[in-house]
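So the protein lines, in turn, are chains P and Z. Last residue of the first sequence: 354 (our numbering), numbering continuous. Last residue of the second sequence: 354 (our numbering), numbering continuous.
There are 2 protein chains.
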Amino acid sequence: MHSYSYPITVKAVWWDDSSRRVCWINTLKLPFEEEVVCSNDPVRIAKAIIEMEVRGAPAIGVIAALAVAAYASKLAGENAANIQEKLHEAIDLLWRTRPTAYNLFWALERMRRKIASASGLNPRELADALVEEALRILNEDIEANIKIGEYGAELVREGATILTHCNAGALATSAFGTAEAVIRVAWYKGKKIKVIATETRPLLQGARLTVWELMKEGIPVTLITDNMAGYVIRRGLVDLVVVGADRITREGFVVNKIGTYMIALAAKRNNIPFYVAAPTSTIDLNSSIRDVIIEERNPMEVKTVMGRLITLENVNALNYAFDITDPDLVTAIITEKGVVYPPFEENLKKLFER
Amino acid sequence: MHSYSYPITVKAVWWDDSSRRVCWINTLKLPFEEEVVCSNDPVRIAKAIIEMEVRGAPAIGVIAALAVAAYASKLAGENAANIQEKLHEAIDLLWRTRPTAYNLFWALERMRRKIASASGLNPRELADALVEEALRILNEDIEANIKIGEYGAELVREGATILTHCNAGALATSAFGTAEAVIRVAWYKGKKIKVIATETRPLLQGARLTVWELMKEGIPVTLITDNMAGYVIRRGLVDLVVVGADRITREGFVVNKIGTYMIALAAKRNNIPFYVAAPTSTIDLNSSIRDVIIEERNPMEVKTVMGRLITLENVNALNYAFDITDPDLVTAIITEKGVVYPPFEENLKKLFER
Numbered sequence: 001m002h003s004y005s006y007p008i009t010v011k012a013v014w015w016d017d018s019s020r021r022v023c024w025i026n027t028l029k030l031p032f033e034e035e036v037v038c039s040n041d042p043v044r045i046a047k048a049i050i051e052m053e054v055r056g057a058p059a060i061g062v063i064a065a066l067a068v069a070a071y072a073s074k075l076a077g078e079n080a081a082n083i084q085e086k087l088h089e090a091i092d093l094l095w096r097t098r099p100t101a102y103n104l105f106w107a108l109e110r111m112r113r114k115i116a117s118a119s120g121l122n123p124r125e126l127a128d129a130l131v132e133e134a135l136r137i138l139n140e141d142i143e144a145n146i147k148i149g150e151y152g153a154e155l156v157r158e159g160a161t162i163l164t165h166c167n168a169g170a171l172a173t174s175a176f177g178t179a180e181a182v183i184r185v186a187w188y189k190g191k192k193i194k195v196i197a198t199e200t201r202p203l204l205q206g207a208r209l210t211v212w213e214l215m216k217e218g219i220p221v222t223l224i225t226d227n228m229a230g231y232v233i234r235r236g237l238v239d240l241v242v243v244g245a246d247r248i249t250r251e252g253f254v255v256n257k258i259g260t261y262m263i264a265l266a267a268k269r270n271n272i273p274f275y276v277a278a279p280t281s282t283i284d285l286n287s288s289i290r291d292v293i294i295e296e297r298n299p300m301e302v303k304t305v306m307g308r309l310i311t312l313e314n315v316n317a318l319n320y321a322f323d324i325t326d327p328d329l330v331t332a333i334i335t336e337k338g339v340v341y342p343p344f345e346e347n348l349k350k351l352f353e354r
Numbered sequence: 001m002h003s004y005s006y007p008i009t010v011k012a013v014w015w016d017d018s019s020r021r022v023c024w025i026n027t028l029k030l031p032f033e034e035e036v037v038c039s040n041d042p043v044r045i046a047k048a049i050i051e052m053e054v055r056g057a058p059a060i061g062v063i064a065a066l067a068v069a070a071y072a073s074k075l076a077g078e079n080a081a082n083i084q085e086k087l088h089e090a091i092d093l094l095w096r097t098r099p100t101a102y103n104l105f106w107a108l109e110r111m112r113r114k115i116a117s118a119s120g121l122n123p124r125e126l127a128d129a130l131v132e133e134a135l136r137i138l139n140e141d142i143e144a145n146i147k148i149g150e151y152g153a154e155l156v157r158e159g160a161t162i163l164t165h166c167n168a169g170a171l172a173t174s175a176f177g178t179a180e181a182v183i184r185v186a187w188y189k190g191k192k193i194k195v196i197a198t199e200t201r202p203l204l205q206g207a208r209l210t211v212w213e214l215m216k217e218g219i220p221v222t223l224i225t226d227n228m229a230g231y232v233i234r235r236g237l238v239d240l241v242v243v244g245a246d247r248i249t250r251e252g253f254v255v256n257k258i259g260t261y262m263i264a265l266a267a268k269r270n271n272i273p274f275y276v277a278a279p280t281s282t283i284d285l286n287s288s289i290r291d292v293i294i295e296e297r298n299p300m301e302v303k304t305v306m307g308r309l310i311t312l313e314n315v316n317a318l319n320y321a322f323d324i325t326d327p328d329l330v331t332a333i334i335t336e337k338g339v340v341y342p343p344f345e346e347n348l349k350k351l352f353e354r
């Protein structure tokens with residue numbers, strides 16, 4: 001097993017080598033139940049992504065890669081025919097689960113390339129190669145998160161209060177988190193930080209997941225409703241904002257959980273830094289903001305809270321899962337390769353050239 | 001009975017003359033149950049205000065005035081001693097129910113003055129005088145709301161989409177609403193408007209009350225989560241924002257339901273008008289923003305949705321009920337005396353001098 005410079009207290013997605021399956025925590029049931037699911041069936045895993053048992057851009061990328069590896073292992077064990085074709089079908093299925101987060105496409109593209117480069121191998125060898133590649137993606141993710149945490153923590157002063165939105169924590173990655181990596185490393189370095197977490201409607205990732213993760217670590221956390229973020233910033237209760245990202249375009253537009261944009265506006269208005277923490281696998285230098293599809297999810301998510309109706313059943317509702325934060329609202333992007341400041345179009349390009 | 005230029009489809013608070021009690025819809029149970037409560041007990045009515053069975057700045061002012069009248073009627077019927085003293089005690093109790101909305105203090109001050117001017121009257125005559133004054137406050141409120149609607153509707157173009165926050169509707173006033181008066185009159189005038197309503201956590205006044213009121217009228221309404229407001233504005237789906245107010249200071253700061261500030265920031269950023277609809281009883285020319293107390297309510301409201309826990313029970317939570325929107329974010333304030341544009345400090349003063 002890999003060893004890391006910091007404790008890994010929560011894993012969202014992992015590989016079970018004995019059964020050659022991918023396992024994950026069903027985040028929909030947290031914090032009330034810690035349900036673990038393991039599977040080698042791409043249909044089941046696609047469902048887990050669509051229904052957000054597993055969510056968060058890096059976690060989606062990792063589970064999709066592991067799904068391909070687990071399915072290849074299953075097919076090898078069954079002596080199936082047309083394995084490569086079946087794997088490509090599985091990749092296509094996983095590809096269509098969610099449209100916005102970039103890491104999904106980035107990870108599946110890597111798995112495609114690995115299949116293409118493995119044409120001389122037998123099914124068992126192909127499966128092994130794919131497991132190895134998927135585990136490389138997983139471990140790179142954790143290592144990247146730790147690096148993000150280290151770069152980010154340098155931006156956090158002793159005693160600071162950090163506002164974060166949604167969950168860009170261990171449960172949004174394979175482990176350790178992105179925005180939460182910054183929080184974790186600052187905490188491990190003894191900076192005595194505090195966190196304000198937004199509940200993050202409709203699915204309450206802040207109230208359910210971020211609160212659970214931070215309380216597990218003993219990091220002081222205060223929950224607010226999403227609409228309170230602006231006022232707590234205006235009141236001077238927040239020193240900096242750190243959020244994750246689902247996609248960063250070449251111009252430096254940040255696509256992240258719905259609500260991020262309004263927090264960025266409040267941060268700008270009140271002159272506090274607004275940081276985005278994301279691995280380079282979230283940055284797509286080929287995509288412009290005009291290419292980004294903002295996922296619209298089932299309106300019932302808005303009309304209910306944890307399955308219970310909060311309004312009249314037949315009312316219309318909109319359910320955009322993400323929003324777009326303009327580059328001028330972003331103080332810096334914290335990646336595993338370093339902290340990127342504006343102008344982002346130029347400096348993101350330079351980052352990838354390193 | 002009074003007659004009005006528009007249909008009064010929903011009343012939030014009214015006087016039951018046969019029992020000499022004040023009646024209200026318990027808005028906490030809407031839209032699932034339409035519970036009506038009637039009382040002449042100031043302790044019960046104070047509880048209804050504190051627990052937000054009745055909410056919305058104008059509605060709070062009206063019910064507090066009617067509470068004094070109902071209690072005076074009760075005391076007169078019982079031939080009680082020290083009636084004036086008891087009424088002042090009731091006023092003090094009602095005064096302390098909620099600290100932010102100005103209309104409460106404005107209405108109770110009027111009732112105090114009426115008691116002071118009625119020293120020669122017997123208990124029955126005093127009660128009648130107080131009922132008359134409270135009903136004057138109620139009818140002035142409805143008339144003011146209709147005027148607000150008429151002034152406001154002139155600012156709404158045919159086919160416009162209006163975003164509103166919380167409930168500044170009939171259920172926030174005696175009837176007709178403030179922000180919703182603008183919506184109603186525009187609708188009655190055939191302007192084919194649409195409304196986007198924010199759910200308004202923690203107590204969901206948008207999802208529960210605004211949706212219910214607008215669907216009753218047949219006005220097209222789409223529900224969003226609070227954190228979606230910025231993105232739907234940025235996406236160009238909103239032509240104007242209209243919200244109510246709980247207090248407007250002499251400088252033009254608008255104190256309104258938590259979340260208003262972030263919507264105002266998004267409106268400003270995207271160059272759409274941000275209107276505040278409020279009767280002059282919400283404007284306190286004597287108060288500066290430094291005098292305003294922002295109510296902090298029970299954190300359990302944040303940690304639950306309709307009574308059900310959404311996070312870990314022992315997490316800290318903040319629960320500011322209101323926020324502050326700076327004057328430079330406000331396009332205009334729509335009152336029953338006309339539309340006030342910046343500079344607000346100067347023009348609000350002129351409005352009261354008319």
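For glycine and all other residues, C-beta sits at the position ideal for the given N, C-alpha and C.
Counting along the chain, where does the alpha helix (DSSP H) carrying residue i start and finish?
i: P/Ile25; result: That residue, P/Ile25, is in no alpha helix (DSSP H); its beta strand (DSSP E) goes Arg21 to Ile25.
i: Z/Ile233; result: Ala229 to Arg234
i: Z/Phe352; result: Phe344 to Glu353
i: Z/Ile183; result: Ala179 to Tyr188
Give the DSSP-derived three-state secondary structure of residue i in the structure shown.
i: Z/Ile333; result: strand
i: P/Lys11; result: strand
i: P/Ile148; result: helix
i: P/Glu296; result: strand
i: P/Phe366; result: In the structure displayed, chain P extends from 1 to 354; residue 366 of chain P sits before or after that span and is not available.
i: Z/Asp291; result: helix
i: Z/Ala278; result: coil
i: P/Leu104; result: helix
i: Z/Arg98; result: coil
i: Z/Arg157; result: coil
i: P/Arg201; result: coil
i: Z/Asp16; result: strand
i: Z/Arg208; result: helix
i: P/Val54; result: coil
i: Z/Ala168; result: coil
i: P/Ala70; result: helix
i: Z/Ala118; result: coil
i: P/Ala80; result: coil
Kindly indicate the opening and closing residues of the beta strand (DSSP E) around residue i.
i: P/Lys194; result: Lys194 to Thr198
i: P/Gly338; result: Gly338 to Val340
i: Z/Val315; result: Run containing Z/Val315: none; DSSP gives neither H nor E here.
i: Z/Leu247; result: Before going on, a small fix: residue 247 of chain Z reads as Arg here, not Leu. Counting along the chain, the beta strand (DSSP E) containing Z/Arg247 begins and ends at Arg247 to Thr249.
Exposed or buried, what is residue i when buried is set at 16 or more other beta-carbons lying within 10 Å of its beta-carbon?
i: P/Glu125; result: exposed
i: Z/Phe352; result: exposed
i: Z/Ala80; result: exposed
i: P/Asp291; result: exposed
i: Z/Leu329; result: buried
i: P/Ala321; result: buried
i: Z/Tyr71; result: buried
i: P/Gly236; result: exposed
i: Z/Ala278; result: buried
For residue i, write down the residues that DSSP places opposite it in a beta bridge.
i: Z/Phe411; result: In this structure chain Z extends from 1 to 354, so residue 411 of chain Z is not present and cannot be described.
i: Z/Thr225; result: Bridge partners of Z/Thr225: none, in fact.
i: P/Cys38; result: P/Cys23
i: Z/Leu240; result: Z/Ile162
i: P/Arg44; result: In DSSP, P/Arg44 forms no bridge with anything.
i: P/Ile283; result: P/Ile248
i: P/Asp128; result: Paired residue(s): none; P/Asp128 is not in a bridge.
i: P/Arg308; result: P/Val305
If you measure from the CB of residue i, is any heavy atom of the ligand GDP nearer than 7 Å?
i: Z/Ala160; result: Summarising the ligand content, the structure contains no ligands, and the ligand GDP is consequently not present.
Residues of chain A with a CB under 8 Å from the CB of residue i: which are they?
i: Z/Val305; result: The structure shown has no chain A; the protein chains it does contain are P and Z.
Along the region 250 to 267 of chain P, what residues have a CB closer than 7 Å to any CB found in chain Z? Ile258, Gly259, Tyr261, Met262, Leu265 and Ala266
What are the residues of the region 198 to 227 of chain Z that lie near chain P, defined by any Cβ-Cβ distance shorter than 8 Å? Thr198, Glu199, Thr200, Arg201, Pro202, Leu204, Ala207, Arg208, Val211, Trp212, Met215, Pro220, Val221, Thr222, Leu223, Ile224, Thr225, Asp226 and Asn227
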